[in-house]
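Chains as they are written, first to last, in the UniProt record's numbering: chain X, 1 to 353; chain V, 1 to 712.
The beta-carbon is built from N, C-alpha and C at its ideal position, and this holds for glycine as well.
Quick caveat, the model's predicted, so the values are computed rather than measured.
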Amino acid sequence: MLSRLRIKRDIKYFVRCLSDKPPSDHDGKISEIKTKDSKEQNKSTESSTEKIQALLKLMMSEPKISESEYREKFATAPERQKKHKPDVLEVKMEKIEESITKAASDVAQAIGGDVKQTEAELLSKVLGKINQTSTSLSDLIVGMKVDRSKDSDETVTKETRGQQVKRLMKPREGTEDTRYSQRKEKTTFEKKRSMPQPISMDIFSGEPLGIFKTKQENYGTKLEVWDHLSQRELLLATSQPPANYFQKMIQWTEQGKVWKFPIDNEQGIEEEQNVHFSEHIFLDAHLEGWCPTKGPIRHFMELVCVGLSKNAFYTVKEKQDHIMWYKEYFESKQDILKDIGVWETQPTSEAST
Amino acid sequence: MYSNIIIPRQWSRLACVCRSVASIEGQKLPQTSISSDGISPPPRIPRGSTDILQALAATVGNDPTAAHYKYHDDPFLIPLSNFRKRAYALSAEAGRKAAAWIRDEHANLFTTREWDPPMKMKTPYFNADPQIPAYAPKPFYNDESIVTEIDLKYTIDNALLEDAIKVFELLGGESGLSSELKLSFLQLLCFYNEKEPVAMEWVEERWFAAATRERHATTWKLGGLADKIFTSMEPKTPEAYCAIIQGMAKYFQAERAYALTQEAKEKGIPLSTSVYNSLLGCIGFLKEGVSLRIEALKGLLVEMDEQGLSPNTETLTACLKSLSAWGGGKTLQGVALQTVAEFRQLGIEPSLSAYYYLLCLFCKDQGPKIDILTNIIADLEKRESLEPTEAMDTNFFITAMGVCSNHLQDINLAERLHALLMKNDNYKLVGDAYKESIYYRHFVTVACRFAPFERTTQLLDMLIPNIYVPEPSVMEEILKALELQGAGARLAAAWRELLVFGHAGRARLVERLLRALSCCGREQDDEVKEQMQTVAADILKYGELAEEREEREDRRSPTQKLSARALSDVLELCADARCDAGWAAAAAALRRLRADAAEPAPAARAALAALAPRAARHAHHALAAATVSYLAECGFEEAIPASIETLSVILNRTTEEVGKLLEENKPSLTTSLQPAALEIAQAYHTAKTGTPLRDSGSSTSSDSDSESSDDD
Numbered sequence: 001m002l003s004r005l006r007i008k009r010d011i012k013y014f015v016r017c018l019s020d021k022p023p024s025d026h027d028g029k030i031s032e033i034k035t036k037d038s039k040e041q042n043k044s045t046e047s048s049t050e051k052i053q054a055l056l057k058l059m060m061s062e063p064k065i066s067e068s069e070y071r072e073k074f075a076t077a078p079e080r081q082k083k084h085k086p087d088v089l090e091v092k093m094e095k096i097e098e099s100i101t102k103a104a105s106d107v108a109q110a111i112g113g114d115v116k117q118t119e120a121e122l123l124s125k126v127l128g129k130i131n132q133t134s135t136s137l138s139d140l141i142v143g144m145k146v147d148r149s150k151d152s153d154e155t156v157t158k159e160t161r162g163q164q165v166k167r168l169m170k171p172r173e174g175t176e177d178t179r180y181s182q183r184k185e186k187t188t189f190e191k192k193r194s195m196p197q198p199i200s201m202d203i204f205s206g207e208p209l210g211i212f213k214t215k216q217e218n219y220g221t222k223l224e225v226w227d228h229l230s231q232r233e234l235l236l237a238t239s240q241p242p243a244n245y246f247q248k249m250i251q252w253t254e255q256g257k258v259w260k261f262p263i264d265n266e267q268g269i270e271e272e273q274n275v276h277f278s279e280h281i282f283l284d285a286h287l288e289g290w291c292p293t294k295g296p297i298r299h300f301m302e303l304v305c306v307g308l309s310k311n312a313f314y315t316v317k318e319k320q321d322h323i324m325w326y327k328e329y330f331e332s333k334q335d336i337l338k339d340i341g342v343w344e345t346q347p348t349s350e351a352s353t
Numbered sequence: 001m002y003s004n005i006i007i008p009r010q011w012s013r014l015a016c017v018c019r020s021v022a023s024i025e026g027q028k029l030p031q032t033s034i035s036s037d038g039i040s041p042p043p044r045i046p047r048g049s050t051d052i053l054q055a056l057a058a059t060v061g062n063d064p065t066a067a068h069y070k071y072h073d074d075p076f077l078i079p080l081s082n083f084r085k086r087a088y089a090l091s092a093e094a095g096r097k098a099a100a101w102i103r104d105e106h107a108n109l110f111t112t113r114e115w116d117p118p119m120k121m122k123t124p125y126f127n128a129d130p131q132i133p134a135y136a137p138k139p140f141y142n143d144e145s146i147v148t149e150i151d152l153k154y155t156i157d158n159a160l161l162e163d164a165i166k167v168f169e170l171l172g173g174e175s176g177l178s179s180e181l182k183l184s185f186l187q188l189l190c191f192y193n194e195k196e197p198v199a200m201e202w203v204e205e206r207w208f209a210a211a212t213r214e215r216h217a218t219t220w221k222l223g224g225l226a227d228k229i230f231t232s233m234e235p236k237t238p239e240a241y242c243a244i245i246q247g248m249a250k251y252f253q254a255e256r257a258y259a260l261t262q263e264a265k266e267k268g269i270p271l272s273t274s275v276y277n278s279l280l281g282c283i284g285f286l287k288e289g290v291s292l293r294i295e296a297l298k299g300l301l302v303e304m305d306e307q308g309l310s311p312n313t314e315t316l317t318a319c320l321k322s323l324s325a326w327g328g329g330k331t332l333q334g335v336a337l338q339t340v341a342e343f344r345q346l347g348i349e350p351s352l353s354a355y356y357y358l359l360c361l362f363c364k365d366q367g368p369k370i371d372i373l374t375n376i377i378a379d380l381e382k383r384e385s386l387e388p389t390e391a392m393d394t395n396f397f398i399t400a401m402g403v404c405s406n407h408l409q410d411i412n413l414a415e416r417l418h419a420l421l422m423k424n425d426n427y428k429l430v431g432d433a434y435k436e437s438i439y440y441r442h443f444v445t446v447a448c449r450f451a452p453f454e455r456t457t458q459l460l461d462m463l464i465p466n467i468y469v470p471e472p473s474v475m476e477e478i479l480k481a482l483e484l485q486g487a488g489a490r491l492a493a494a495w496r497e498l499l500v501f502g503h504a505g506r507a508r509l510v511e512r513l514l515r516a517l518s519c520c521g522r523e524q525d526d527e528v529k530e531q532m533q534t535v536a537a538d539i540l541k542y543g544e545l546a547e548e549r550e551e552r553e554d555r556r557s558p559t560q561k562l563s564a565r566a567l568s569d570v571l572e573l574c575a576d577a578r579c580d581a582g583w584a585a586a587a588a589a590l591r592r593l594r595a596d597a598a599e600p601a602p603a604a605r606a607a608l609a610a611l612a613p614r615a616a617r618h619a620h621h622a623l624a625a626a627t628v629s630y631l632a633e634c635g636f637e638e639a640i641p642a643s644i645e646t647l648s649v650i651l652n653r654t655t656e657e658v659g660k661l662l663e664e665n666k667p668s669l670t671t672s673l674q675p676a677a678l679e680i681a682q683a684y685h686t687a688k689t690g691t692p693l694r695d696s697g698s699s700t701s702s703d704s705d706s707e708s709s710d711d712d
């Protein structure tokens, strides 16, 4: 498909070289020039090819508009660097022509019948519109019908031709041509690219932007919860299922499911950590001030204290509350207790005595 | 020996001294002490709660040949395919989740200890002492719950977003909160954009979760709870501004974020580096066109400097993230290099995520090959440790390996990268199961294509199947590499792998394997050949079983059948069958070819012709007969010499005699020959004339006619 397109383009180009009419899209430029040069043209004798040739030569030698002026006034295709010699294209063209005609004639031979007719038909198929019985490609092109409807004026034709010759003399500056060669270049370049030759690049080779001047560190307002959460996300992104039992233990420790190292049997009982053990054990002090110093109530309360001092599960506060509960109970029953004579010693009186 | 005894004695004395010096509670030991006899014990090193466990864990080496720890409880159920690995790990996790569900559902049964008196019940939820939150039922909040600010704090600390919103509503909305708590709540809402985050507890679930790519779209909830709280806050603190701007920028609500930044600047509210970092990340949503965007990026950096804020690693990452998101090209690459240089000047090294974005920017699939990875790896190798700083860091290794395999196609670089990943505990940077398997996919692919064969096999043995199970595409690469090296024994073993990894149903891979087997088959030792033929027999048997199962169960997706090409490969492989399996494989392949009325591949014609007499020689007369008649049915010329030769073997005569016999007395043959020989004779005539010996032999196909007419 691609090659076919290329051939077509080549042929188009070839056709253009041979045809004596410039492509229509150049008409605009050329018609402007004609007004300037028309006087000179009027002097010359009519329709003598030699004269025209001479004229053309003249135009070649002394251009009315200098190159730079021309460039300034009219839009021209940008100059491109040419990589290959024009001959290469010519040769290739010829080769393509040859191969096409040869292939067509081969096919025509194989089919049989009117060989020339078939061949021409095949060639015309390749070229698109041409339909005649001549066999060589150039024959075909020469025989092409050319649309001349616009150029009624002879002088215009000559002039445009002069321009055209000039353009053509600068070999193959045409857009199609350059595009083609460019494409060729591109493909070869890409081939070079796909070879395992990566471009090595130093990432630290850049020129600094020069925006920041070194100052003391200042990161501005701190967001605690935000930082905590991004830490959490980071942990989530990098956590992996444990790969051995120790890692599993680490995971459990972090989740708070097992004892932390170093092992401590009071772990997690932070509430009582700052309470001295003596406060748990010596509870008699809480009896002072309300409890009788002797007698059955005192005896009972002392036993309560002993019991509480051995309880590992109550906090000091709870132990005190426990004792205070008894205090309130006995005080509410004070009347009866006094009657039986077990609540006689008032702490206040004892203290005073 | 003596000294060994003396030192402990000294120690005990020292301990005695220490004890007397220390307080009765004994919490503190002296930090440094020099005893009179010149022994100075080292100062006490404070240890974290997991330090010793970590030291112990570091002593457990990595055994690539063993299954992962999570699977080895039951050796019978060690999974070898991706599907099973996933299913087993997740079902173990599902058990844990079920237990947690029951605990939460029946929370009242898990609140007290047996020995606690009822009066000790302090809250309706939980009373045990010491309280272990991990085992406690999760607090459950509904409209009737009685909540305090402590509950809100608890939910914020544990990132329980939906519960936090519920508690917030129960507490009376914006008005009923202390400003400090409101700020914390605002930060939580902004960080997650009011979406419940992934739970921390279910490691396996996260590990196997299909990675959802971060959406690059404006997803910030406009007019949501966060916006409401922010507007209700009076006076608006710098923290509040920072939180809302960062939240908006994180979810790409760029315009509002910029407007608020402007507002804050006008009010003279100090912002933070993190705010600018997040703003840098969403420039692309504000400006169009590369040059405008670069302008804006530089503008923001200048603004940061004017505000007196110092940049950090995240600033660099944010810049590169933006640059890499805007496409490629020389301009952006140039700016990226400038940025890196600028930060290097400030003493800020690129983090792993910064390198990830650089790779994204420079190593495009279509773009030119640019090798920045060598540089990056050299830099990373110099660093002592690669501490992850951002969640995006986990993308570095898989991207870098992808660049090694697709972009640079450099096995040495890939090995260096892998060594880096294996160093220290860098392996956690591999991300999750999905990323890990992509990483190894790239690694194995590049190794199969470019590494020396010994190195490749070594790598494959190490990784497969416990660390990595190759996907079909990688399996194909492996088969290609094995075929290229003609590693027959490994190819034979590859069938077992296909079977175990669950790829046996993929006709494409199986055909590739058969092709490789038949290509390498000729140069192998007899023993290996035998193995290969056994494998071929197995493959055919597996196909038959799969078909049977399909018929029985009426599956929706039919199993793919092997092509005629693959069956021809089997025949080629088994042309010089050495064991029963080989004969069985050949017979099965032939049977299926005939059943499908398919033409064998051209290469198999000679193999078939060679197979027939060999089969006859080894007393597999039926197989020989089937081969010859198949050849004849297909109308191959080889049928004639093959049938003569086979018949000569069966009848124990010379070929000339057999030829004469076949030509001469046709009618007598039907009665005098044994069935197999008769079939061969028939095949001979089919091939010769296009008509069978007897008219009743109707099985001979009509398609042979056209071909055999040429022979006449």
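When the Cα atoms are used, X/Glu-254 and V/Tyr-468 turn out to be separated by approximately 29 Å. Short of 8 Å from the beta carbon of V/Pro-472, and not among the five residues preceding or following it, lie these beta carbons of its own chain, in chain order: His-503, Arg-506, Arg-508, Leu-509.
Beta-bridge annotation (DSSP): V/Ile-370 is paired with X/Ile-199. Chain X has no Cβ within less than 8 Å of the Cβ of V/Cys-360. Contact with chain V is found for X/Val-225, since one of that chain's Cβ atoms lies less than 8 Å from the residue's Cβ.
Against X/Tyr-219, the close residues of chain V are Ser-272, Thr-273, Ser-274, Leu-309, Ser-310, Asn-312, in the order they occur along the chain (beta-carbon pairs closer than 8 Å).
Taken in chain order, the members of the segment 201-214 of chain X whose beta-carbon sits within less than 8 Å of a beta-carbon on chain V are Met-201, Asp-202, Ile-203, Phe-204, Ser-205, Gly-206, Glu-207, Pro-208, Leu-209, Gly-210, Ile-211, Phe-212, Lys-213, Thr-214. Proximity of chain X to V/Ala-566 at the Cβ level (cut-off 7 Å) is not reached, the minimal Cβ distance being about 33 Å. Around the beta carbon of V/Gln-682, 16 or more other beta carbons lie within 10 angstroms, which makes this residue buried. The alpha carbon of V/Ala-606 has as its nearest neighbour, out of V/Ala-639, V/His-620, V/Lys-250, the alpha carbon of V/Ala-639.
Excluding residues up to 5 positions away in sequence, Pro-238, Tyr-241 lie with their Cβ nearer than 7 Å to the Cβ of V/Ile-269 in the same chain.
Taking the Cα positions, V/Ala-451 is about 6 Å away from V/Ile-411.
Under the 10 Å beta carbon count, X/Tyr-329 is surrounded by fewer than 16 other beta carbons and is classified as exposed. For the 8 Å CB-CB criterion, V/Ala-615 and V/Ala-537 do not form a contact. In the same chain as V/Lys-321, and ignoring 5 residues on each side of it, the C-beta atoms closer than 6 Å to its own belong to Gly-281, Tyr-357, in chain order. Residues of the segment 451-483 of chain V with a C-beta less than 8 Å from any C-beta of chain X: none at all. In this structure, V/Gln-409 and V/Val-446 form a Cβ contact; the two beta carbons are roughly 7 Å apart against a cut-off of 8 Å. Comparing alpha-carbon positions, the option among X/Phe-300, X/Tyr-326, X/Lys-257 lying closest to V/Ile-132 turns out to be X/Lys-257.
Residues of chain X whose Cβ lies closer than 7 Å to the Cβ of V/Glu-239 are, in chain order, Thr-221, Leu-223. Around the C-beta of V/Thr-534, 16 or more other C-beta atoms lie within 10 Å, and the residue is accordingly described as buried. Residue pairing of X/Gly-220 in beta bridges, as defined by DSSP: V/Ser-272. At least 8 Å separates the beta-carbon of X/Leu-287 from that of X/Leu-308.
Sixteen is the threshold: since fewer than 16 other Cβ atoms of the shown chains lie within 10 Å of the Cβ of V/Pro-42, the residue is exposed. Under the DSSP assignment, V/Val-290 falls in the alpha helix (DSSP H) whose first and last residues are 290-306.
Taking 8 Å as the CB threshold, V/Met-422 stays off the interface with chain X. Taking each of V/Tyr-355, V/Glu-454, V/Arg-383, V/Glu-384 in turn and checking the Cα distance to V/Asp-371, the smallest one comes out for V/Tyr-355.
Around the C-beta of X/Lys-338, fewer than 16 other C-beta atoms lie within 10 Å, and the residue is accordingly described as exposed. Going by C-alpha positions, X/Val-107 is about 8 Å away from X/Glu-119. Between the alpha carbons of V/Ala-433 and X/Ser-239 lies a gap of roughly 11 Å. The beta carbon of V/Val-335 sits closer than 8 Å to those of Ile-294, Leu-297, Leu-323, all from its chain and outside the five residues before and after it, given in chain order.
When C-alpha distances from V/Tyr-439 are compared across V/Leu-361, V/Cys-404, V/Ile-398, V/Glu-342, the shortest belongs to V/Ile-398. A distance below 7 Å between beta-carbons, with the five flanking residues on each side excluded, links V/Trp-495 to the following residues of its chain, in chain order: Leu-513, Val-535, Asp-538, Ile-539.
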